[in-house]
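Q: I'd like to ask you about the structure that follows.
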Amino acid sequence: MNIRLLLIFLLLFVAGCSEQGKKIPIEEIDMIGIMAFDYVDEKIKKLTVAIPQYSKEAEKDTMVYSVETDLVSQGIVKIEAQSDRKVVLNQLRVILVSEEFARKGHVRSIVEHIYRNAEVGNKALIAVVKGRADSILYAEYPDKPNINFYLNDLLRPSFNTAFNPNTNVHDFIYATTNLTKDASVPYLELLDDKVEITNIALFKEDVMVETISPNESVYIQALLGKKSIAPLVIEMPKDTKISLNLVKSKFKIESNKDKHQPKLTIHIQMKATLSEYNIEHLDKLNTWKEISHLEKSINRQVEKDIKAFIERLNKQQIDPIGLSEYFRKYTYGKWTRAMTDKVLSKLELDVNVKTIIVNVGTLK
Amino acid sequence: MRLTQKKVLTKVHVLFLVQSCLIGTGILQIPQKLSAMGYSQAFMPLFFALIATINLWPMLWLNSKFPNNNLFQINEILLGKTIGKFINFLLIILFTIVCIDAISSYMLLIQSTALPEQTITFPIICFLALLIYLVRGGIFTIARFSIMAFFITLPMVLLTKWAIQKGEFSHFFPLFNFTLQEFYEASKNGYLSFLGYELILFYYPYIIQQKSAFKYATIGIWISGVLMLITTGVSVMYFSEWQLSNIEYAVLNIFKAGEYSFIERIDIIGMTLWIFLVYSTVALYLWAANEGFKTLILPKSQIHLYILVISIFIMLILPISKYLKMKIFTINNYIFYLLLLWPIFLILIYLFRKKQVHQ
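If you're matching them up, the sequences are chains X and Y in order.
With the first sequence counted from 1, adding 37 to any position gets you this note's numbering.
With the second sequence counted from 1, adding 669 to any position gets you this note's numbering.
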């Protein structure tokens, strides 16, 4: 028995004999935080990566490498040749693609490569950049800690940017491979020393086709069932502008189950607080009568906006909300993308909005 | 008939032996295996559980006629020494290949997720060493291990919550949207993930209350059925049809949806915990192979287990192409379907040779 115990004890020392050098210590690893892709030609893309620099002796806090390559993994190998350490993808947080790259329909192949790679989590966020994608990595942000943290935090969900679809690798693959849904991705612009989410880019299958404003994207997010929605700004005729903070929004979509003459009825109920208003001939909203009058005009306006917006998308046969899913789930047999397009182009819409203003603040 | 074996398994042991042997590495891949049916695959595990319950009945009926013999001995009694030994030899090879299949698919998973920059020889040695320890403890140890494995791994069900939140419930509709061809294709590939209950043919003699074995084995089958139902249900909600048919380890991707502020890669935790489930499956198959091996030669010796483990090890590290391996595993799996029908065949022979057997 004692000899067995001794043997087990001795086994602990066997660890010392394990092959050294196979596992690289973490100080000698460069972890890519951001990848940016630019279009060169049909085969070649330009890959730029940002890696946080932890050495105090370096002047800058981020290393940026750029190579031209046809395969992503080959690009990483080329970058390794420039870097002094081993380059890994484990900490990849953000994938940027230029608008040209997205419009040519190359995003799917690189995202699929990253999706296949088990080292990378599925939560790397995707964004489209106006102009060149690498310009964001090369730009200086003097008041920001590090581009890796800055971009990741910017793209992550937050209350005031609830219009942002926060598309990650899984979401993108899910939406592009789903026959009844299209991907939507935040659209970034570089402004001097800031990056701003100015629009939302919409994809049709693999190709980016259109951008929409954040305010329109709020409707998409609301119809996708996102609970906390950004402040909703509604512009009404006669120079009236209203900003609502949504407390709770509920929606229900009814389908007539007929894919040949598709018709959807969308019911939306918004409970909101009136955070700010700018109404002509009216300094204050004094009575509940005025408020209920306002509610009605908000209803009319939002109904009109949503209807116009969705019809614009339907004309281009893009379906970021997944409206065609309401017909697929009643259709037996195989569903195809052509059927989605057909449903969208014929789709008739009926929008019912009910706004309830729950309070107007504490000022009389 | 001999009365030498010691009866050790209680009702609860039977339940968990059946339950954990069902969930091995199969559940990881079941959404992909069933993907021929697209979104309609969600309720297939219930169908499988029903088939398994029906299939269990002839097995236990056969066993109840030979309450002190396992299938290896029954083979010899009913088919005669020579044919019986030959069939037993085939069964041993069959079970050994199942072990190799399960271990290699798990090790492949571990290598591609947790240890991408290492060879898996050392992990395999560790795995097999512990496996010897487990199997040498006999069926009682394996049963207790199965109970432990179930309760340790059960909380993993909670890790699917993010995928459920993100998933779309409407994917379940329209219900039963598949053709017969798709149904056949999916059943053929998917039912393999539902094997494991047939091993009751081998540990039946060890069960104390043999009368209630059917009831508890059925409960075990349905617990696994529900767990698989959760897996396929969540996968259908969370994935698109393309993803269902292209993602090899759907469970891994479901775990990837989650995130805590202090843990980022929940999938790695899930995958490493999965080893309990692999152990409970592989140990039981290896135990059965070992028992069979003992009936062939040198029944008193201890050497059989080591021979089996060493041959498993050699098969695992041999540089056989993945294609050839897959071919062997597939053929093996189809032979397994024969094993499920084997008790019915034996019952027929039993009915013919009833008098001879009882002499």
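The beta carbon of each residue, even a glycine, is placed where N, CA and C say it ideally should be.
None of the values given here were measured: they were computed from a predicted structure.
For residue 768(Y), I'd like the list of residues in its chain whose CB is within less than 6 Å of its CB, leaving aside the five on either flank, ordered along the chain.
A: Sequence-distant partners of residue 768(Y) (beyond 5 residues in either direction) whose C-beta falls short of 6 Å from its own C-beta, in its chain, are 951, 954, 955 and 981.
Q: In the DSSP assignment, the alpha helix (DSSP H) including residue 765(Y) goes from what residue to what residue?
A: 750–782
Q: Which same chain residues end up closer than 6 Å to residue 313(X) when comparing Cβ atoms and leaving out the 5 residues on each side of it in sequence?
A: 280
Q: In the DSSP assignment, what are the bridge partners of residue 300(X)?
A: Looking at the DSSP assignment, residue 300(X) forms a beta bridge with 385(X).
Q: Return no unless some Cβ of chain X is closer than 8 Å to the Cβ of residue 854(Y).
A: no
Q: Could you please tell me which residues of the stretch 921–942 of chain Y, in chain order, have their CB closer than 9 Å to any CB of chain X?
A: 921, 922, 925, 926, 928, 933, 934 and 936
Q: Within the stretch 905–983 of chain Y, note down every full beta strand (DSSP E) run reaching 3 residues or more, in order along the chain.
A: none
Q: Using DSSP with H/G/I as helix, E/B as strand and the rest coil, what is residue 95(X)?
A: Residue 95(X) falls in the coil class under three-state DSSP.
Q: Are the CB atoms of residue 972(Y) and residue 763(Y) within a distance shorter than 8 Å?
A: no
Q: Kindly provide the ranges of any alpha helix (DSSP H) runs that are 4 or more residues long and lie completely inside the stretch 294–377 of chain X, ordered along the chain.
A: 325–352 and 362–365
Q: Got a sec: is the Cβ-Cβ distance from residue 710(Y) to anything in chain X below 8 Å?
A: no
Q: Grouping DSSP H, G and I as helix and E and B as strand, with all else coil, what is residue 178(X)?
A: In this structure, residue 178(X) counts as coil in the three-state DSSP scheme.
Q: Is the beta carbon of residue 392(X) closer than 8 Å to that of residue 309(X)?
A: yes
Q: Pull up the distance between the alpha-carbon of residue 863(Y) and that of residue 1000(Y), whole angstroms please.
A: 17 Å
Q: Name, going along the chain, the residues of the stretch 687–708 of chain Y whose beta-carbon falls closer than 7 Å to a beta-carbon of chain X.
A: For chain X, none of the residues of the stretch 687–708 of chain Y brings a beta carbon within less than 7 Å of one of its beta carbons.
Q: Could you tell me which chain Y residues have their CB closer than 9 Å to the CB of residue 362(X), listed as they occur along the chain?
A: 837, 839 and 840
Q: What residue ranges within the stretch 211–244 of chain X form continuous alpha helix (DSSP H) runs of no fewer than 4 residues, ordered along the chain?
A: none
Q: Taking just the CA atoms, how far does residue 1024(Y) sit from residue 825(Y)?
A: 52 Å
Q: Quick check on residue 259(X) - is its C-beta less than 8 Å from some C-beta in chain Y?
A: No, because no Cβ of chain Y sits closer than 8 Å to the Cβ of residue 259(X).
Q: Taking its Cβ as the centre, do 16 or more other Cβ atoms sit within 10 Å of residue 380(X), making it buried, or is it exposed?
A: buried
Q: Report yes if the C-beta distance between residue 103(X) and residue 83(X) is below 8 Å; otherwise report no.
A: yes
Q: Whose Cβ in chain X lies nearer than 8 Å to the Cβ of residue 843(Y)?
A: 366, 367, 368 and 369
Q: For residue 1014(Y), does the three-state DSSP call read helix, strand or coil?
A: Helix, per DSSP.
Q: Chain X partners of residue 908(Y), CB-CB under 8 Å?
A: 211
Q: With a threshold of 8 Å between beta carbons, is residue 207(X) in contact with chain Y?
A: yes
Q: Mind checking who residue 283(X) pairs with in its DSSP beta bridge?
A: For residue 283(X), the beta-bridge partners assigned by DSSP are 309(X).
Q: Of all the CB atoms in chain Y, is at least one closer than 8 Å to the CB of residue 160(X)?
A: So yes, residue 160(X) belongs to the interface.
Q: Which whole-angstrom value is the C-beta distance of residue 257(X) and residue 221(X), which I expect to be below 8 Å?
A: 7 Å
Q: Decide if the stretch 716–731 of chain Y is in contact with the stretch 883–891 of chain Y; the criterion is three or more beta carbon pairs, one per stretch, under 8 Å apart.
A: yes
Q: Within a Cβ cutoff of 6 Å, which residues of the same chain sit near residue 58(X), ignoring the five residues on either side of it in sequence?
A: For residue 58(X), the predicted structure reports a pLDDT of 49, less than 50, and the residue's modelled location is therefore unreliable. The matter cannot be settled from this model.
Q: Which residues in chain Y have a C-beta closer than 8 Å to the C-beta of residue 291(X)? List them in chain order.
A: The contacting residues do not exist; residue 291(X) stays about 13 Å from chain Y at best.
Q: Whose Cβ in chain X lies nearer than 8 Å to the Cβ of residue 912(Y)?
A: Those are 210, 211 and 214, listed as they occur along chain X.
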